[in-house]
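Asker: Chains as they are written, first to last, in full-length UniProt numbering: chain Z, 1 to 325; chain W, 1 to 328. Beta carbons: idealized from backbone N, C-alpha and C, even for Gly. Being a predicted model, the structure only gives us computed values, none of them experimental.
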Amino acid sequence: MAGNLRELLSEEELLKFYEQMVVCREFEESCAEQYSKGHITGFLHLYSGQEAVAVGCTAGLKQTDYVLSAYRDHAQAIVRGADPKRVMAELFGKATGICKGKGGSMHLFAPELNFMGGYAIVGGQFPIAVGLAWGSQLQEQDRITACFFGDGSMNQGTFHESLNWARLWDLPVLFICENNFYGIGTEVHRASAQAALHRRTCGYDIPSEKVDGMDVVAMYQATKRAAEWVRERQRPYFIEAVTYRFRGHSMSDPAKYRSSSEADVWKSRDPIPNLSRRLLEEGIADQARLDQINQAALAQVREAVRFAEDSPWPEDAEVWNDIYV
Amino acid sequence: MPEMTYRDAINLALKEEMRRDQKVVVYGEDVALYEGAFKVTRGLLSEFGELRVRDCPISENTIVGVAVGAAMAGVRPVAELMTVNFALLAMDQIVNHMAKVRYMFGGQISVPMVVRMPGGGGSQLGAQHSQSLESYFMHCPGMLVAYPATPADAKGLLKSSIRTDNPVIFLEHELLYNSKGEVPEDPEYLVPFGKASIMRQGEAVTLIGYGRMSILCLQAAQLLEKEGVSCEVVDLRTLSPLDTETFLASVAKTGRAVVVEECWRNAGLGGDIASRIYERCFDTLLARVKRISGLDVPMPYSRKIEKICIPQAEGIVQGVRDLLNESY
Ligand SMILES: Cc1ncc(C[n+]2csc(CCOP(=O)(O)OP(=O)(O)O)c2C)c(N)n1
């Protein structure tokens, strides 16, 4: 990303990006700790390394836009505005969780934030995103649907069916692929015949671009531009965000299938120090200000853990609630 | 006989059959390099190479469809669906293709293939990853359904599944993978389809289970023994074909039956088994047939409430006590 940050965004916006990324990182690293203590169980997929995508993209959308995600959804929910306390409580399985403890890590949901869910079936969110977009178009709402998904999910039938449909009916969907190069342990070129993923949309006549997913400002700019395009033309668009997950696929994955040197190269491109360096270089913030943000983020996440620990378990009778209206 | 885990017994069956028959191939999501999401395919890639052990895209319907085609072409594919939950994406290939090809082509071709899938609940994986869909598969004619409870049966049934010319749905329980038991070393050790096993002899009541539910039945039987109640435990082993004769004979002997199903109660397999008992053992029954089932709710994540949605040994014990207090 060339150019001067100051010319692109206000100081306030840039510091907010920084803060949000730090909160997400602290949240995820704290989840790992809580998992090792047995407080969080089941599957836990962390987002560390990919923060620039959620933060940059969310900033490029309107709060009224719908957002959907897969099971790597904590950061997506938090950046949208979900209270980290209630997200953590959900991961603990507590009654105060964002889904009353019924959803867990992979199924966060916050309709008041237009965060329309994390889904654990790979590719399950594509048709739902198309349907939401149709619904808002029919009701003439000024709203687009941003659908986040991993590189691996592009091999599901739902991906192809949904892209075709979105273009055929010209629906306002912004497809955002988070290409972190792996679907569990399978590298993208071993699963996708066309490994340049953004090129896979030409069969559906959907324009696409590839963006540096380690650069929060680049993600923001691309999303903002694309979202406006989608909103104006009422047509789907596709962004491939090139990123990396620093941890294994989930807590049970030691990530032996990739070399430590590969991970090191990507860690040297960590979006957080990447942004802080530029903030310092351009005199937008000094180290004291950044430290203050880091401390506040840590405190916020600690409070979330405390809240989750102190929260009550769901009542047994709760299993029967929410099945039917 | 060596002791080994359920996981290793399945792994051994795969290796033995791949050694025996060059036509046996294994593929699925992350089965090769990653050695399986549950590490069941450990060591296969290094022993058999990438032509016979392959990773594939996250495309479940196609995974099953490719097995159908490969089987029609003369290969003997063993496909892994990462979990039974994803079989729902493949239901078209399973129900409309895999189970129909032989029949609708007038028996001119068969599809010798196996689709292995782990499943079941109890690991706090949430509603989309904790399902027990065995009744779905049992309902569909044209394919066999195996669900081993012990390491020995896991080996013997998988080997039979690979050798039969029929398409097989092979269910594995995620919570059984680390369970241990003696497993015959004989590479010709085969457990036939449609032959339930009496895991334990008893007089007062018959507990009928399958998969992990059979293990819970055994635990319940041990607890009840201390109360002086003698339980017979029947492990169905295969759900299609279902060995009706074995459990009917047992119920005829004990006069009481408790059916334990991990799946949902509504239209679950327990209802079917109970009705077979009523149809054929009505005269000899000393009490109504008791069903212990998974609750009819999507599985919640929180461990506190997940537990009450899945049958537990204590619940089976209580069910038996209730039954013994009842009579017609
Ligand atoms: C239908 C289905 N098949 C398989 C899985 C198991 N699974 C969970 S995550 C995953 C990999 C997905 O990779 P990708 O879409 O690239 O997302 P990432 O984990 O990289 O964020 C797989 C195979 C699943 N959850 N759903």
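If you measure beta-carbon to beta-carbon, which residues of the region 303-325 of chain Z are closer than 7 Å to chain W?
Answerer: Residues passing the 7 Å Cβ filter: W313, P314, D316, E318, V319, W320, I323.
Asker: Indicate whether M106(Z) and F149(Z) have their beta-carbon atoms separated by less than 8 Å.
Answerer: Against a cut-off of 8 Å, the Cβ pair of F149(Z) and M106(Z) comes out as no contact.
Asker: Taking 8 Å as the cut-off, decide whether the C-beta atoms of V233(W) and L269(W) are in contact.
Answerer: No, they are not a contact pair.
Asker: Hey, quick one: how far does the beta strand (DSSP E) through S230(W) stretch, first residue to last?
Answerer: No beta strand (DSSP E) holds S230(W); DSSP gives it neither H nor E.
Asker: Could you give the residue range of the alpha helix (DSSP H) that holds G15(W)?
Answerer: The sequence shown places Lys at residue 15(W), not Gly. First-last of the alpha helix (DSSP H) with K15(W): 6-20.
Asker: Counting only Cβ-Cβ distances shorter than 8 Å, please list the residues of the region 61-84 of chain W near chain Z, keeping chain order.
Answerer: Going along the region 61-84 of chain W in chain order, one finds N61, T62 with a Cβ nearer than 8 Å to chain Z.
Asker: Tell me, please, whether the CB atom of Q131(W) is closer than 8 Å to any CB atom in chain Z?
Answerer: Answer no: the Cβ-Cβ gap between Q131(W) and chain Z never drops below 8 Å.
Asker: For my contact list, P84(Z) and V22(Z) are in at a C-beta cut-off of 8 Å; report their separation, rounded to the angstrom.
Answerer: Not really, about 12 Å apart at Cβ, beyond 8 Å.
Asker: Assuming S132(W) contacts G121(W) (C-beta within less than 8 Å), just tell me the rounded distance between them.
Answerer: About 6 Å separates the two Cβ atoms, so the contact holds.
Asker: Evaluate H189(Z) with the Cβ neighbour count: other Cβ atoms within 10 Å of its Cβ, from every protein chain shown; 16 or more gives buried, anything less gives exposed.
Answerer: With fewer than 16 Cβ atoms within 10 Å of its Cβ, H189(Z) is classed as exposed.
Asker: Does the Cβ of E187(Z) lie closer than 7 Å to at least one heavy atom of ligand 1?
Answerer: No, Cβ of E187(Z) sits at least 7 Å from all heavy atoms of ligand 1.
Asker: Could you tell me which residues DSSP puts in a beta bridge with R54(W)?
Answerer: According to DSSP, R54(W) bridges with Y27(W).
Asker: Smallest Cα separation from I198(W): which of H173(W), S179(W), L224(W), E245(W)?
Answerer: Of the listed residues, the one whose Cα sits closest to I198(W) is E245(W).
Asker: Do the CB positions of T223(Z) and I206(Z) come within less than 8 Å of each other?
Answerer: Contact flag unset, no.
Asker: Please report the residue range of the alpha helix (DSSP H) in which residue 349(Z) lies.
Answerer: Missing from the structure shown is residue 349(Z); chain Z here goes from 1 to 325 and no further.
Asker: Alpha carbon to alpha carbon, how far is Y66(Z) from R269(Z)? Give it in angstroms, no decimals.
Answerer: Answer to the nearest angstrom: the Cα atoms are 30 Å apart.
Asker: Just to confirm my understanding: we take Q93(W), look at its own chain, exclude 5 residues before and 5 after, and list those with CB closer than 7 Å. What are they?
Answerer: Counting only Cβ-Cβ distances below 7 Å, and skipping sequence neighbours, we find N61, V64, G65, V68.
Asker: Below 8 Å CB to CB, which residues in the same chain sit around A263(Z) once its five sequence neighbours on both sides are set aside?
Answerer: Y244, F246, A255.
Asker: Mind checking which residues open and close the beta strand (DSSP E) that includes P149(Z)?
Answerer: In the sequence as presented, Pro is not what sits at residue 149(Z); that position holds Phe. That run of the beta strand (DSSP E) goes 145-150.
Asker: At a Cβ threshold of 8 Å, is residue 357(W) touching chain Z?
Answerer: Residue 357(W) lies beyond the stretch modelled for chain W, which goes from 1 to 328, so this question has no answer here.
Asker: When DSSP labels each residue in this structure, what does V67(Z) get in the three-state scheme?
Answerer: It is a strand residue.
Asker: Which residues in chain Z sit within 8 Å of A37(W), going by Cβ to Cβ distance?
Answerer: Within chain Z, the residues near A37(W) are I184.
Asker: Output the distance between the C-alpha atoms of D216(W) and E29(W), rounded to the nearest integer angstrom.
Answerer: The residue asked about is misnamed: residue 216(W) is Leu in this sequence, not Asp. When rounded, the distance between both Cα atoms is 31 Å.
Asker: Hey, N85(W) and G119(W): beta-carbon distance below 8 Å or not?
Answerer: Contact flag set, yes.
Asker: Can you name, in chain order, every residue of its own chain whose Cβ lies under 6 Å from the Cβ of E80(W), other than the five neighbours on each side?
Answerer: The answer, listed in chain order, is G28, V31, R116.
Asker: In angstroms with no decimal places, state the Cα-to-Cα distance between P311(W) and V260(W).
Answerer: Each residue's Cα considered, the two are about 7 Å apart.
Asker: Given a cut-off of 8 Å, decide if M72(W) and P167(W) are closer than it, judged by their beta-carbon atoms.
Answerer: Contact flag unset, no.
Asker: Smallest Cα separation from R143(Z): which of L61(Z), R199(Z), S260(Z), G203(Z)?
Answerer: The candidate whose alpha carbon is nearest that of R143(Z) is L61(Z).
Asker: Looking at A82(Z) and F115(Z), is the spacing between their C-beta atoms short of 8 Å?
Answerer: Yes.
Asker: For A149(W), tell me which candidate among L324(W), A196(W), A127(W) has the shortest Cα-Cα distance.
Answerer: If we check each option's Cα against that of A149(W), A196(W) comes out closest.
Asker: Beta-carbon separation of A204(W) and L324(W) under 8 Å?
Answerer: Cβ atoms of A204(W) and L324(W): closer than 8 Å.
Asker: Alpha carbon to alpha carbon, what distance is there between G211(W) and D283(W)?
Answerer: Straight-line Cα distance between these residues: approximately 29 Å.
Asker: Restricting to runs no shorter than 3 residues, where is the beta strand (DSSP E) found entirely within the region 23-94 of chain Z?
Answerer: Within the region 23-94 of chain Z, the complete beta strand (DSSP E) runs of at least 3 residues are 66-69.
Asker: Does M88(Z) pass the burial test, meaning 16 or more other C-beta atoms within 10 Å, or should it be called exposed?
Answerer: Classification of M88(Z): buried, given that the 10 Å Cβ count is 16 or more.
Asker: Rounded to a whole number of angstroms, what is the C-alpha to C-alpha distance between P192(W) and K304(W)?
Answerer: Cα to Cα, P192(W) sits roughly 39 Å from K304(W).
Asker: Closest to A54(Z) by C-alpha separation, out of S276(Z), R80(Z), T64(Z), E33(Z), would be which residue?
Answerer: Nearest option by C-alpha distance: R80(Z).
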